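So the structure is just underneath, and the comments pick up after that.
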Amino acid sequence: MDVVVLESLDPLIEELRSAGYTVVGPTVQDRAVRMAEISSAADLPAGVGDVQDPGSYRLTSGADGMLFGYAASPDSAKRFTQPPRQTLVRMRDGAFEEVDEGAPRVALLGVRACDLAAIAVQDRVFAGSRHPDPAYRRRREALFLIAVNCAVPGGTCFCVSMGTGPKATAGFDLAVTELDAPHRFLVETGSERGGEIVARVPHRRAASEDVHAADEVSRMAAVRMGRQVDTDGIQHWLPAAHDSPRWTDVASRCLSCTNCTMVCPTCFCSTVEDVTDLTGQVTERSERWDSCFTLDFSEVSGTHARGSGLARYRQWLTHKFATWYDQFGTSGCVGCGRCITWCPTGIDVTEELACIR
Amino acid sequence: MHPMTPAPFLVRSRRPVRADTVNLTLEPVEGACPPFLPGQFTMIYARGVGEIPISISGRTRAGGYLQTIRAVGAVSRALCRTRRGDLVGVRGPYGTAWDVPAASGMDVVVAAGGLGLAALRPVVQELVRHRARYGRISLIVGTRAPMTLLYPRELDRWARAGVDVQVTVDHPDHEWKGPIGLVTKLIERIVFEPRRTAGFVCGPEVMMRAAAGELVRRGVAASRITLSLERNMKCGVGRCGHCQLGPLLLCLDGPVVSYERAARLMAVPEL
Ligand SMILES: Cc1cc2nc3c(=O)[nH]c(=O)nc-3n(C[C@H](O)[C@H](O)[C@H](O)COP(=O)(O)OP(=O)(O)OC[C@H]3O[C@@H](n4cnc5c(N)ncnc54)[C@H](O)[C@@H]3O)c2cc1C
Ligand code: SF4
Ligand code: SF4
Ligand code: FES
């Protein structure tokens, strides 16, 4: 793998734009880091840090001039791999037309190691399935992924426990480690098209000091990890603990608000809706994100398979950490901590798992 | 093609079979119906309303699907209201199947509760088609009332073909002379050799647990009993997440599941 050093990200962003990509990266909006289109490195959140705790997210001032001094933002790559709403089929004049919403060429800058792992999980669900989704494959191919290795993990992160981070090891086109004194970016190439882009921007070969400095960033991030989970045997002990008293306890705190499933980068559940236009001539069927926390999710024969909040929380947590293995051969959790940060009542999956065990 | 894109099918015939249930036969606008195995289902789409899983109850002489639909909600009601010549969407067939040939050389107990007979019809047809391969064949049908019995003429035909057909009703009318009450009551009475018996069960979950439980009590191996489980299904192809039952995605790993596997899962309330 080629390793180079860039003094600035601007030529890279410029090169991606001229290659036809919309570059999407972290920006500050509504007092949070959100993924949005950027036109230069000046749009990135310089000197911004964050404090994340159960049920709490605050931006703070971070290290001077650093562009990636914060952890996972409420936006993950899911919005780009699985759009929140996509039209599947249009019907008119007695014919079903498959709708191709296209695959926008997007370069995602600032994808964290946990998010790369989450994309790999979604690949198994949508592309590796017995009924593969060609539109998903096209969207994935059109996504150019520029990972950023985390320097400052969030207070709710536990990627080390899940074996997904903090350093990006696979699944990216380029992986960046931001270094200071002097400010520079170590860039690893993970794909042929990544290499072609880097070859066209001013760079120098990485010296061993650069590589060591980057290794140190990832080592320190791992050491400073906010949380941890003991995943040993979890596929077996968690489903077996279906009658643990802890479920009643956590259910008394869970509002079934669906926040955790919306921010989770791997949660893929969806439902399908029909909309007919005012003339009654054209009907569109679209798929949109759904959540196992809603009551009608499990509606069957006039009742609900999971009528209680307890059953819904248990379904979600057990699916994420255990039954996902049965269905997709991998954990459904990548340890990004988003569900902990964005739970309005501060429910912490790592704490719940420790109590259930 | 995208797995969520339905193929256009035409309603070839529509026959009401009881107050809230119709038999539809569906044929593709183009080409032939894909082959199906007993127990598999299709996702049928009513334009502008929605799409639901419906078992394939048989193949028509012209090669179409026979599907029996009970009107319970928006989509099933819309499908029951379709008329001959109407366009519907069909995806599938999907899901696991009942392995009927695996019961060769054995006694067979088929237990159907209510609409469960719609899913089991291809099983019984297969058994009757190769009657000589099997030992005693018992078909036990539980239904609400004599009037709500599905496929009454076929039940007679199957009886003549060597199937011990027994019907029990919850609410008898004054003409009813047969058994009253639960399907399990009949399982207690029928004759089979438990050590070499296969069970095929479909109906409401309580009925299936009772029927499969009774077969096990009489000595049938749980691994030789297969059930068809029902869950909400929005896709049928493993992408919507709605059909989960613990580790299973019932649209892929089911709906037909061995009782050995299902018993533990069904025993957990609200799984
Ligand atoms: C594998 C499989 C095979 C099947 N095979 C058949 C078959 O062969 N024939 C058949 O008829 N059915 C079959 N079913 C069942 C069928 O799929 C359901 O009856 C159907 O999905 C109901 O959809 P619907 O839109 O008509 O009703 P829905 O609107 O989904 O309503 C279903 C029930 O819930 C109630 N309900 C509706 N909305 C609400 C609400 N908001 N809150 C509370 N309750 C509500 C309704 O009154 C109704 O009783 C099968 C199901 C599966 C999984
Ligand atoms: S379950 Fe929580 S920590 Fe795990 S991937 Fe989803 S949002 Fe992140
Ligand atoms: S765990 Fe928290 S975020 Fe998830 S549904 Fe419950 S209250 Fe909402
Ligand atoms: S019905 Fe959608 S995943 Fe099974």
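Chains as they are written, first to last, in my numbering: chain A, 28 to 384; chain B, 212 to 482.
For each residue, glycine too, the CB sits at the ideal point set by N, CA and C.
Keep in mind it's a predicted model, so treat the numbers as computed, not measured.
Query, Result
"Is A/T275 near ligand 3, with its Cβ less than 7 Å from a heavy atom?", "no"
"For A/Q113, which three-state DSSP category applies?", "strand"
"Quick one: what's B/G300 bridged to in DSSP?", "B/P219 and B/Y256"
"Helix, strand or coil for B/W387 per DSSP?", "coil"
"Return yes when the Cβ of B/I280 is within less than 8 Å of the Cβ of B/T216, no when it is not.", "no"
"Nearer than 7 Å: is that true of the beta carbon of B/R450 relative to any heavy atom of ligand 4?", "yes"
"What are the start and end residues of the alpha helix (DSSP H) that includes B/F527?", "Lying outside 212 to 482, the shown extent of chain B, residue 527 of chain B is not represented and no answer is given."
"Quick one: measure Cβ to Cβ for A/E314 and A/V302, integer angstroms, because I've assumed they're closer than 8 Å.", "At roughly 12 Å, the Cβ-Cβ gap does not stay under 8 Å, so A/E314 and A/V302 are not in contact."
"When the cut-off is 8 Å and only beta carbons count, does B/M215 lie next to chain A?", "yes"
"Can you tell me the Cα-Cα spacing of B/R487 and B/S315, whole angstroms?", "Residue 487 of chain B lies beyond the stretch modelled for chain B, which goes from 212 to 482, so this question has no answer here."
"So does B/L456 have its beta carbon nearer than 7 Å to some heavy atom of ligand 4?", "no"
"Check whether chain A comes within 8 Å of B/K168, counting only Cβ atoms and requiring the distance to be less than that.", "Limits of chain B in this structure are 212 at one end and 482 at the other, which puts residue 168 of chain B out of reach."
"Taking its Cβ as the centre, do 16 or more other Cβ atoms sit within 10 Å of B/E262, making it buried, or is it exposed?", "buried"
"What's the C-alpha gap between B/T437 and B/S266?", "16 Å"
"Taking 7 Å as the cut-off, is the C-beta of A/C284 nearer than that to any heavy atom in ligand 3?", "yes"
"Please return the same chain residues whose Cβ sits closer than 7 Å to the Cβ of B/F289, not counting the five positions on each side in sequence.", "According to the sequence displayed, residue 289 of chain B carries Ala and not Phe. For B/A289, where only same-chain residues beyond five positions count, the Cβ hits under 7 Å are A257 and V260."
"Out of A/C177, A/A134, A/V138 and A/F185, point me to the one whose CA is closest to A/R166's CA.", "A/A134"
"Taking DSSP as the reference, what is the three-state secondary structure of A/T191?", "coil"
"So for A/G221, helix, strand or coil by DSSP?", "helix"
"List, in order along the chain, the chain B residues whose C-beta lies closer than 7 Å to that of A/E223?", "Result: empty, since nearest Cβ-Cβ is about 31 Å, beyond 7 Å."
"By Cβ distance below 7 Å, which residues in the same chain neighbour A/P180 in space, the five residues on each side in sequence not counted?", "A98, P193, A248, R251, M252 and G253"
"Let me know the secondary structure DSSP gives B/T379 once reduced to three states.", "strand"
"Ligand 4 heavy atoms versus the CB of B/C413: any closer than 7 Å?", "no"
"List, in chain order, every chain B residue whose beta-carbon is nearer than 8 Å to that of A/E125.", "M212, H213 and T216"
"For A/E215, which of A/T377, A/R231, A/V203 and A/F355 has the nearest alpha-carbon?", "A/V203"
"Is any non-hydrogen atom of ligand 2 found closer than 7 Å to the C-beta of A/V152, if you look at the structure I gave you?", "no"
"Since B/P219 meets chain A, which of its residues come closer than 8 Å, beta carbon to beta carbon?", "G121, A122 and F123"
"Kindly list, in the order they appear in chain A, the residues whose Cβ is closer than 7 Å to that of B/L460.", "Q354"
"Under 7 Å: does the beta carbon of A/R254 sit that close to some heavy atom of ligand 2?", "no"
"Determine the DSSP secondary structure at B/L211, reduced to helix, strand or coil.", "Any question about residue 211 of chain B goes unanswered here, given that chain B covers just 212 to 482."
"So, using beta-carbon positions, are B/I398 and B/E416 closer together than 8 Å?", "no"
"Report buried or exposed for B/Q455, applying the criterion of at least 16 other Cβ atoms within 10 angstroms of its Cβ.", "buried"
"Determine, using beta carbons only, whether A/E42 and A/I261 come nearer to each other than 8 Å.", "no"
"At a CB distance below 9 Å, what residues from the region 308-336 of chain B approach chain A? Give them in sequence order.", "none"
"Give a yes or no on whether the minimum CB-CB distance between A/L115 and chain B is below 8 Å.", "yes"
"Could you pull the DSSP bridge partners for A/A174 from this structure?", "A/V138 and A/A202"
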